[in-house]
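A.B. asks: One structure, pasted below without further comment.
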Amino acid sequence: MKLEYFAPGVSPAPNSLKLHRRGVELGWIGFFDSASMPAAETVIQAWHAHSAVLLPGMLNDALAGLTEQLAQSQLLMNQILEGEELSELFEQSCYSERLTPDFELTGASFEDHDDQGIEKVYFDCWREDELIADDLWCKASWLSLEDDDPSLRFRFSFGMEGYEDVASDHERQLCAARLTDAIFPESSAITAHVKLNALLGQVLDGAPPVYTERIVYFNAPNGGAQMHHDVERGHEGVVFAQLSGATFWLALSKDRLIDEIKAYLDTQAGENWTLLRDLLKDREQFAHYLEDEHELAEDLMDRHPDFFRYLIDKQYAYILKPGDVLLLPQAGLDTCVWHSVLCLGDETGEALSFALKKAADDAV
Numbered sequence: 000m001k002l003e004y005f006a007p008g009v010s011p012a013p014n015s016l017k018l019h020r021r022g023v024e025l026g027w028i029g030f031f032d033s034a035s036m037p038a039a040e041t042v043i044q045a046w047h048a049h050s051a052v053l054l055p056g057m058l059n060d061a062l063a064g065l066t067e068q069l070a071q072s073q074l075l076m077n078q079i080l081e082g083e084e085l086s087e088l089f090e091q092s093c094y095s096e097r098l099t100p101d102f103e104l105t106g107a108s109f110e111d112h113d114d115q116g117i118e119k120v121y122f123d124c125w126r127e128d129e130l131i132a133d134d135l136w137c138k139a140s141w142l143s144l145e146d147d148d149p150s151l152r153f154r155f156s157f158g159m160e161g162y163e164d165v166a167s168d169h170e171r172q173l174c175a176a177r178l179t180d181a182i183f184p185e186s187s188a189i190t191a192h193v194k195l196n197a198l199l200g201q202v203l204d205g206a207p208p209v210y211t212e213r214i215v216y217f218n219a220p221n222g223g224a225q226m227h228h229d230v231e232r233g234h235e236g237v238v239f240a241q242l243s244g245a246t247f248w249l250a251l252s253k254d255r256l257i258d259e260i261k262a263y264l265d266t267q268a269g270e271n272w273t274l275l276r277d278l279l280k281d282r283e284q285f286a287h288y289l290e291d292e293h294e295l296a297e298d299l300m301d302r303h304p305d306f307f308r309y310l311i312d313k314q315y316a317y318i319l320k321p322g323d324v325l326l327l328p329q330a331g332l333d334t335c336v337w338h339s340v341l342c343l344g345d346e347t348g349e350a351l352s353f354a355l356k357k358a359a360d361d362a363v
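In numbering that gives the first Met the number 0, the protein residues as written are 0 to 363.
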């Protein structure tokens, strides 16, 4: 796919789409032609080289059979935006019939301690009369604190958020994944896709893929995510699938990101970015700086249109449409793919973001 960038204030080509996020105007993007599916060997090599990999149209066949499920999830999103309680919505037959008998709704909490949290709904998982996993949860949250960004996410996990070592309890991980399947059955677009699973098995050196720590996103116009990574212990990477709407991505490994920040600043004359240049004099220091609060780097990576233009020119940009999959290696802090996301167009789109790990022998 050929991409063409237009800076803010420049007249874009017809059919170009605005790049904006949380009130920051970042230009326009035009795209032409269709991306082609890479060969399996190309995917494997890119993954092991810590590069993002686009699989265009991979899930088109699956989406054709998920129209009702996607419509139900869009309705759920709208009901949350209208202020309805998630726990009460899960009592409706369209959800309760899929949840029972394996999952029992045990409670809910309104996340007053979390400015972006809306509601967390708790479940226990049963196998006949045996409790096999407790304290599973689905948490609805805002993606930002901006009043004009109604983007939502539904995250599935278990235990104490932010404190639990989720990688240490494989059984509860898998039960939380099954809870995602029950509430958002369109998860099968990834989990039951024979061709995708076979390809990911090759990527994982012959080990079948397992999808854990799942998030369902609804990226709205003016929404998205700033440049970040998703490294968690025990995970190999992330599989992101666009089910509706469209998103724009910048994605590159941490090493390359640091290289490109330095190379870009080397082209910029004057006193701008002086403090950032000073940090870059020590590469190891700068790598650690990115893992903490990094406001100076955020100003460049997330709010500077010309740096967007620079990364697009360097071919780190991707556009995802319904049916497209983006693979993001996340095996370690030094090599993980950092990524920035923007909603494209006027439609709030649904997407799946599933952590990827190699299958273990103790699957539920």
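All C-beta atoms in this analysis are idealised placements derived from N, C-alpha and C, irrespective of residue type, glycine included.
Everything numeric in this text was worked out from a predicted model, so none of it was measured.
Secondary structure at T179, three-state DSSP: helix, strand or coil?
C.D. replies: helix
A.B. asks: With the cut-off set at 8 Å, would you say P149 and C342 are in Cβ contact?
C.D. replies: Not in contact: P149 and C342 (Cβ atoms no closer than 8 Å).
A.B. asks: Rank Q71, D277 and N218 by C-alpha distance to the C-alpha of H19 and give the top, closest one.
C.D. replies: N218
A.B. asks: Would you check if the segment 193 to 211 and the segment 303 to 312 touch, i.e. whether three or more CB-CB distances between them fall below 8 Å?
C.D. replies: no
A.B. asks: What are the boundary residues of the beta strand (DSSP E) that includes T246?
C.D. replies: A245 to S252
A.B. asks: Using only the alpha-carbon positions, how far apart do E292 and Y309 sit?
C.D. replies: 24 Å
A.B. asks: Report the start-end ranges of each beta strand (DSSP E) in the segment 41 to 100 that is 3 residues or longer and not cut off at the edges.
C.D. replies: Entirely contained in the segment 41 to 100, the beta strand (DSSP E) runs reaching 3 residues are, in chain order, 52 to 54.
A.B. asks: Expressed to the nearest angstrom, what Euclidean distance is found between the alpha-carbon atoms of F155 and K356?
C.D. replies: 16 Å
A.B. asks: On the DSSP bridge list, what partners appear for V324?
C.D. replies: L54 and A240
A.B. asks: Where do the N-terminal and C-terminal ends of the beta strand (DSSP E) with F31 fall, by residue?
C.D. replies: V23 to F31
A.B. asks: In the structure shown, what three-state DSSP assignment does N196 receive?
C.D. replies: helix
A.B. asks: Report the residue from W125, P55, Q172 and R255 whose alpha carbon sits nearest the alpha carbon of C335.
C.D. replies: Residue nearest to C335 within the set W125, P55, Q172 and R255 is R255 (criterion: CA-CA distance).
A.B. asks: Is the beta carbon of S339 less than 8 Å from the beta carbon of M300?
C.D. replies: yes
A.B. asks: My understanding is that A286 touches I257, with C-beta atoms under 8 Å, so please give their C-beta distance in whole angstroms.
C.D. replies: 6 Å
A.B. asks: Distance check for E118 and S140, CA to CA, integer angstroms please.
C.D. replies: Computed Cα separation, rounded: 7 Å.
A.B. asks: Please go through the same chain and pick out, in chain order, the residues whose beta-carbon is closer than 8 Å to the beta-carbon of E297, but skip the five residues on each side of it.
C.D. replies: Q225 and M226
A.B. asks: According to DSSP, is P208 part of a helix, a strand, or is it coil?
C.D. replies: strand
A.B. asks: Where does G26 land, buried or exposed, given buried means 16+ other C-beta within 10 angstroms?
C.D. replies: buried
A.B. asks: Quick one: what does DSSP say D360 is sitting in, helix, strand or coil?
C.D. replies: Model confidence at D360 stands at a pLDDT of 42, short of 50, so the residue's coordinates are unreliable and nothing is read from them.
A.B. asks: Is there contact between the segment 170 to 177 and the segment 129 to 138, where contact requires at least three CB pairs shorter than 8 Å?
C.D. replies: yes
A.B. asks: Determine which residues share a DSSP beta bridge with V215 and list them.
C.D. replies: Bridge partners of V215 according to DSSP: F153 and L351.
A.B. asks: Under 6 Å Cβ to Cβ from V193, same chain only, skipping five residues before and after it: list those, please.
C.D. replies: none
A.B. asks: Measuring straight from C-alpha to C-alpha, what distance separates G269 and R276?
C.D. replies: G269 and R276 have their C-alpha atoms some 12 Å from each other.
A.B. asks: Quick check on this structure: which residue in D147, K280 and I189 has the alpha carbon closest to the alpha carbon of S352?
C.D. replies: I189
A.B. asks: What does DSSP give as the partner residues of V120 in its beta bridges?
C.D. replies: Here V120 is bridged, per DSSP, to A107 and C137.
A.B. asks: Assess, as a yes-or-no matter, whether the segment 38 to 47 is touched by the segment 314 to 323 under the definition of 3 or more beta carbon pairs within less than 8 Å.
C.D. replies: no
A.B. asks: So the alpha helix (DSSP H) A286 belongs to, where does it begin and stop?
C.D. replies: R282 to E290 is the span of the alpha helix (DSSP H), which, as asked, contains A286.
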